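Peer 1: Below is a structure I'd like to ask you about.
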Amino acid sequence: MSGTQPFDGSLQEDDPLLPGSAGMSESSSQRIKRVSYSAGSHVQVIFQMYGSILPQVLPFCLSNVAWTVFVDVLRKKGIVDLTFQSSVGHSFMGIMVSFLVVTRSRISYNRFMEIRRHLGEAYRSCRELIQFTCIYTLTNESAEAKIWRQEVAYLTILMLRVTMDALHWSSTQKSLWEDLPEEIQPLPQEHHVRRVRQYLHGPRTLVDENFRAPVLLSYNLREKIMRHEEPLGYKLPVNEYRDLLHFVTSFVTAFHGFRVLVFTPYPFPLVQMTRIFLFFWVYSLPLVLLCQLESLGDTILLIFFMTFGFLGIEYVSMTLDDPFGDDPNDFDDAGMAEIVYEDIYAFLYKCDGADVAIALRDRIVKRYQQGSALDNYRKDVRQDRFWTRTV
Numbered sequence: 413m414s415g416t417q418p419f420d421g422s423l424q425e426d427d428p429l430l431p432g433s434a435g436m437s438e439s440s441s442q443r444i445k446r447v448s449y450s451a452g453s454h455v456q457v458i459f460q461m462y463g464s465i466l467p468q469v470l471p472f473c474l475s476n477v478a479w480t481v482f483v484d485v486l487r488k489k490g491i492v493d494l495t496f497q498s499s500v501g502h503s504f505m506g507i508m509v510s511f512l513v514v515t516r517s518r519i520s521y522n523r524f525m526e527i528r529r530h531l532g533e534a535y536r537s538c539r540e541l542i543q544f545t546c547i548y549t550l551t552n553e554s555a556e557a558k559i560w561r562q563e564v565a566y567l568t569i570l571m572l573r574v575t576m577d578a579l580h581w582s583s584t585q586k587s588l589w590e591d592l593p594e595e596i597q598p599l600p601q602e603h604h605v606r607r608v609r610q611y612l613h614g615p616r617t618l619v620d621e622n623f624r625a626p627v628l629l630s631y632n633l634r635e636k637i638m639r640h641e642e643p644l645g646y647k648l649p650v651n652e653y654r655d656l657l658h659f660v661t662s663f664v665t666a667f668h669g670f671r672v673l674v675f676t677p678y679p680f681p682l683v684q685m686t687r688i689f690l691f692f693w694v695y696s697l698p699l700v701l702l703c704q705l706e707s708l709g710d711t712i713l714l715i716f717f718m719t720f721g722f723l724g725i726e727y728v729s730m731t732l733d734d735p736f737g738d739d740p741n742d743f744d745d746a747g748m749a750e751i752v753y754e755d756i757y758a759f760l761y762k763c764d765g766a767d768v769a770i771a772l773r774d775r776i777v778k779r780y781q782q783g784s785a786l787d788n789y790r791k792d793v794r795q796d797r798f799w800t801r802t803v
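Here is the structure:
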């Protein structure tokens, strides 16, 4: 191992990866505070507001209570009686509503956990790729080998970062999904980007282009791995460089898992049917209970909590459907990715010393300062070197 120099911990004040710094990046400033609670504390679980759906559901509960009082006043004053004399039909509808709501919540939860498994696999693959890259070439302390290891780590971080950015964009910019990318007019006709655009089979939207970025960056990473012979001075055993390629494949597999889930949302017809039946059943509930119960107070109490229960489950499903945004219950994917970056710096520190690790971090900081990962990617693809084979 090369000699290492102790890191004094001094970082620039405008470092975009440090909380509270002047140059703090947008992704870092929007870090999600994890929802934490003690399962054994009933009081905390019941009354905690952070991460709760109570603020979203409470207006519906109150409006249904107000509707109940209004119907009761109309009936008692002899203006009009809106109540149902028989609850049989409403009871049958309640069975259907329960089935639709529970089915939706179960599917949403399964999707949520599948996304989390893909995130775990993506992070694991990046860590393992750099760790095995360092271990397989540990005895090679040449300057060229250090540069190659740093480049593999750099491309790995770029691939992970653009993937997290694409997922976040798909959640927070849904209104722009179908927008077309800006035309690249200033580029000459013979430019690679204009040539690649000529191969398209049809118009591609922003979301299509954003989800193409990790695929292209994974190719660059695979190419860098395969071009290891010159910087190392020898060719790795086939099982070793296949292991490195396998970790990239594992990441790409996880990415395609994200892609399937993002582009295959919960079926709209089922969402629509559930929502229509749910709201009709909930707001017609007072029309049934006012005939069944003599006390208005008892009716209001049941209406409040049944509205909270049924609409609350629906809102939980809505929260689980899209866990890539900035809501409290969303995944802190950018924050977890930054932990992966730090692990990668640590691997390079142990293998090649502080200078290499700090140089890599400085390169990542510069990328953050230049904009989001997707913005950087769009700038990169306009460069000729992005489309030419590395030497």
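Just add 412 to the spot in the sequence shown (first one is 1) and you have the numbering used here. Each residue gets a CB set at the ideal place from its N, CA and C atoms; glycine is no exception. Given the structure is predicted, the values throughout are model-derived calculations rather than measurements.
When the distance is taken between beta carbons, is C538 closer than 9 Å to V752?
Peer 2: Sequence index remark: in the sequence shown, residue 752 carries index 340 (1-based). Sequence index remark: in the sequence shown, residue 538 carries index 126 (1-based). In contact: V752 and C538 (Cβ atoms closer than 9 Å).
Peer 1: Can you grab the Cα-Cα spacing for the pair Q795 / L673, in whole Å?
Peer 2: As a working mapping, residue 795 is identified with position 383 in the sequence shown. As a working mapping, residue 673 is identified with position 261 in the sequence shown. Computed Cα separation, rounded: 32 Å.
Peer 1: Pick out whichever of L656, D733, A749 has its Cα sitting closest to the Cα of Q742.
Peer 2: As a position in the sequence shown, residue 742 is number 330, starting the count at 1. The displayed chain sequence assigns Asp, not Gln, to residue 742. Closest option to D742, Cα to Cα, is D733.
Peer 1: According to DSSP, is L494 part of a helix, a strand, or is it coil?
Peer 2: One-based indexing of the sequence shown puts residue 494 at position 82. It is coil, neither helix nor strand.
Peer 1: Mapping DSSP to helix, strand and coil, what is V793?
Peer 2: Within the sequence shown, numbered from 1, the residue matching residue 793 stands at position 381. V793 falls in the coil class under three-state DSSP.
Peer 1: Taking the alpha helix (DSSP H) that S554 belongs to, which residues open and close that run?
Peer 2: Looking up residue 554 in the sequence shown gives position 142. No alpha helix (DSSP H) contains S554, which DSSP labels as neither H nor E.
Peer 1: How would you write the range of the alpha helix (DSSP H) that M685 sits in, first residue to last?
Peer 2: Mapped onto the sequence shown, residue 685 falls at position 273. 680-704 is the span of the alpha helix (DSSP H), which, as asked, contains M685.
Peer 1: Can you tell me the Cα-Cα spacing of L723 and V469, whole angstroms?
Peer 2: Translated into the one-based positions of the sequence shown, residue 723 becomes position 311. Translated into the one-based positions of the sequence shown, residue 469 becomes position 57. Near 7 Å, if we compare the C-alpha coordinates of V469 and L723.
Peer 1: Does DSSP put R539 in a helix, in a strand, or in coil?
Peer 2: Along the sequence shown, read from residue 1 onward, the residue named residue 539 stands at position 127. Note: R539 maps to helix in three-state DSSP.
Peer 1: Evaluate A555 with the Cβ neighbour count: other Cβ atoms within 10 Å of its Cβ, from every protein chain shown; 16 or more gives buried, anything less gives exposed.
Peer 2: Within the sequence shown, the letter at position 143 stands for residue 555. So A555 ends up on the exposed side.
Peer 1: What separation, rounded to the nearest whole angstrom, lies between the Cα atoms of D774 and P649?
Peer 2: Numbered from 1 along the sequence shown, position 362 holds the residue referred to as residue 774. Numbered from 1 along the sequence shown, position 237 holds the residue referred to as residue 649. Cα-Cα distance, rounded: 32 Å.
Peer 1: Can you name, in chain order, every residue of its own chain whose Cβ lies under 7 Å from the Cβ of W581, other than the five neighbours on each side?
Peer 2: Residue 581 sits at position 169 when you count from the first residue of the sequence shown. Taken in chain order, the residues that qualify are N622, L786.
Peer 1: What residue does the alpha helix (DSSP H) around D755 start on, and which one ends it?
Peer 2: On the sequence shown, position 343 is the one that residue 755 refers to. 745-764 is the extent of the alpha helix (DSSP H) around D755.
Peer 1: If I follow the unbroken alpha helix (DSSP H) through A451, where does it start and stop?
Peer 2: Within the sequence shown, numbered from 1, the residue matching residue 451 stands at position 39. Taken as a continuous stretch (DSSP letters only), A451 belongs to no alpha helix (DSSP H), as it is neither H nor E.
Peer 1: Measuring CB to CB, does E526 end up less than 9 Å from G669?
Peer 2: For the purposes of this step, residue 526 is taken as residue 114 along the sequence shown, with counting starting at 1. For the purposes of this step, residue 669 is taken as residue 257 along the sequence shown, with counting starting at 1. Yes, the pair counts as a contact, with Cβ atoms nearer than the cut-off.
Peer 1: Write down the C-beta distance between P626 and V574 rounded to the nearest angstrom, noting that I regard them as a contact closer than 8 Å.
Peer 2: Position 214 of the sequence shown, counting from 1, holds the residue named residue 626. Position 162 of the sequence shown, counting from 1, holds the residue named residue 574. Yes, P626 and V574 are in contact; Cβ-Cβ is about 6 Å, under 8 Å.
Peer 1: Thinking just about the alpha-carbon of each residue, which of V694, E533, W799, S503 is nearest to the one in A749?
Peer 2: In the sequence shown, residue 749 corresponds to position 337, counting from 1. For A749, the nearest C-alpha among the options comes from E533.
Peer 1: Any chance you could list the alpha helix (DSSP H) runs of at least 4 consecutive residues sitting entirely within the stretch 450-533, in chain order?
Peer 2: Listed in chain order, the complete alpha helix (DSSP H) runs (minimum 4 residues) inside the stretch 450-533 are 454-459, 466-488.
Peer 1: How should L474 be labelled, buried or exposed, when 16 other C-beta atoms within 10 angstroms of its C-beta is the threshold for buried?
Peer 2: Taking the sequence shown and counting its residues from 1, the one referred to as residue 474 is at position 62. Classification for L474: exposed.
Peer 1: Hey, could you find the ends of the alpha helix (DSSP H) Y631 is sitting in?
Peer 2: As a position in the sequence shown, residue 631 is number 219, starting the count at 1. Looking at the DSSP string, the run of the alpha helix (DSSP H) that includes Y631 is 625-638.
Peer 1: Could you tell me the alpha carbon to alpha carbon distance between R654 and T545, rounded to whole angstroms?
Peer 2: As a working mapping, residue 654 is identified with position 242 in the sequence shown. As a working mapping, residue 545 is identified with position 133 in the sequence shown. The straight-line gap from Cα to Cα measures roughly 11 Å.
Peer 1: Assuming I688 contacts S517 (C-beta within less than 8 Å), just tell me the rounded distance between them.
Peer 2: By one-based count along the sequence shown, residue 688 stands at place 276. By one-based count along the sequence shown, residue 517 stands at place 105. The Cβ separation is near 17 Å, so there is no contact.
Peer 1: Just to confirm my understanding: we take N632, look at its own chain, exclude 5 residues before and 5 after, and list those with CB closer than 7 Å. What are they?
Peer 2: Along the sequence shown, one-based indexing puts residue 632 at 220. Here the set comprises L567.
Peer 1: Leaving out five residues on either side along the sequence, give the residues of the same chain with a beta carbon under 8 Å from the beta carbon of P740.
Peer 2: Residue mapping note: residue 740 aligns to position 328 of the sequence shown, counting from 1. Contacts found: I444, K445, V447, Y462, G463.
Peer 1: According to DSSP, simplified to helix, strand and coil, what is P643?
Peer 2: The residue you call residue 643 lines up with position 231 of the sequence shown. Note: P643 maps to helix in three-state DSSP.
Peer 1: Could you check which residue in L628, T495, P471 has the C-alpha nearest to that of C703?
Peer 2: Taking the sequence shown and counting its residues from 1, the one referred to as residue 703 is at position 291. It is T495.
Peer 1: Nearest-angstrom Cα distance between K778 and I712?
Peer 2: On the sequence shown, residue 778 is found 366 positions in, with the first residue counted as 1. On the sequence shown, residue 712 is found 300 positions in, with the first residue counted as 1. For K778 and I712, the distance between alpha carbons rounds to 59 Å.
Peer 1: Taking C-alpha atoms, which residue in S630, D755, S707 lies nearest to F798?
Peer 2: In the sequence shown, the residue the question calls residue 798 occupies position 386. With distances taken between Cα atoms, F798 lies closest to S630.
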